[in-house]
Amino acid sequence: MQNRKILGIILLVIVAAIVTVGILLPTTILKKNKHQPSTPRNSKVTFSTSSASTLTSTTTKEPDPIPTDAVQGIVYGVYNTSVGDDSKAATPGKGIGQYITHESPGKACDGNVSTKYVSFGPCSEGTSYDDDHGCGLRTGFFLKLETGSTLVNGLRVCTANDLLERDPIIVSLEGSNSTGTNLTLGASWTLLYDGPSGLLLDPGRRKCGPIQYFDNIVEYSSYRFLVSGKRRKADCIQYSEVKLYSV
């Protein structure tokens, strides 16, 4: 009998302990959770990455002109010559049909804007040109390229050091694959361009106008450049460079 009482007391203690633990344990867990930040079930963790961006300045590179070295270094000056006409040879001097000796046709193809080609055409140096718009017009040059046949579809004219009234405003370019004296014949030349020089808006002295592009798919070994219009009245025409392009 005594043993049964002891066993009953032990069972009551065990039951009481279980009940106490059952009540206190959830309460403790709840309190602990209150002090910890909760993460929503569907929350997203976003990682921010910072990358340095480099600003690249894009500029269009200007094409290089083709070499205009002439065979044997000879550039032929002409006057009284229009598109399709036979070339009439100009000579050194300061009179009609002449050009300044040290400002010869070759200076227009030497790659140096500090030199220039000066041509008088139907006038002479110091001619009174008040009523004459023709001084220096219908003049120019032709050359045979040392590099041989080359495609050209652009040209650029550069001003000389002074006197903007002498600037060429209307120009032409012809191509030929003839040789020898046949290059003096107008029938040997094919017209490629006849229009503005790009100098109507004065770029300044010893400066080049924009490239004048034109359609052409034929390679020529020789090219003829002529001036048919200038900025204002003057006793001659002058320019520092004529650059040819293949683009």
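Taking my numbering, the leading residue of the sequence shown gets 3, the next gets one more, and so forth.
Backbone N, C-alpha and C fix where the C-beta goes; we use that ideal spot for every residue, glycine too.
Nothing here was measured: the structure is a model prediction, and the numbers come from that model.
Should R226 be labelled buried (16 or more other beta-carbon atoms within 10 Å of its own) or exposed? buried
Taking the CB atoms as reference points, tell me whether S223 and S151 lie closer together than 7 Å. yes
Can you have a look at L57 and say buried or exposed, based on whether 16 or more other CB atoms are within 10 angstroms of its CB? Only weak support exists for where L57 lies, its pLDDT of 44 falling under 50; the coordinates are left without a value.
Among T181, E105 and P212, which has the Cα closest to the Cα of P67? P212
Short of 8 Å in beta carbon distance, which residues of its chain neighbour N114, apart from the five on each side in sequence? Order them along the chain. S242 and E243
Below 7 Å between beta carbons: does that hold for E167 and R208? no
When you compare only the Cα positions, how much space is there between K109 and K118? 5 Å
Three-state secondary structure (DSSP) of S121: strand
In its own chain, which residues sit with a C-beta less than 6 Å from the C-beta of L145, not counting the 5 before and 5 after it? A72 and V77
Near Y2, what residues of its chain come up, given a Cβ to Cβ distance below 7 Å and the 5 sequence neighbours on each side ignored? Given that the chain is displayed from residue 3 to residue 249, the structure contains no residue 2 and the question cannot be resolved.
Would DSSP call L27 helix, strand or coil? Its pLDDT being 48, under 50, L27 is placed unreliably in this model, and the coordinates cannot settle the point.
CB contact flag (D87, T186, <7 Å): no
Neighbourhood of N1 by C-beta, 6 Å cutoff - its chain only, sequence neighbours within 5 removed: Given that the chain is displayed from residue 3 to residue 249, the structure contains no residue 1 and the question cannot be resolved.
Close Cβ partners of S126 (< 7 Å) along its chain, the five nearest in sequence each way excluded: K96, G97 and I98
Helix, strand or coil for C111 per DSSP? helix
Starting from T129, follow its DSSP beta bridges and name the residues at the other end. According to DSSP, T129 bridges with nothing at all.
Quick check on DSSP: helix, strand or coil for V85? coil
Run the CB neighbour count on Y215, radius 10 Å, all protein chains shown included, and call it buried at 16 or more, exposed below. exposed
If V85 sits next to L194, beta carbons under 8 Å apart, how far is it from one beta carbon to the other, in whole angstroms? Not quite, the Cβ-Cβ distance comes to about 10 Å (not below 8 Å), so this is no contact.
Report yes if the C-beta distance between C238 and G138 is below 7 Å; otherwise report no. yes
Go through its chain and collect everything with a Cβ distance to T103's Cβ below 6 Å, but skip five positions before and after it. P94
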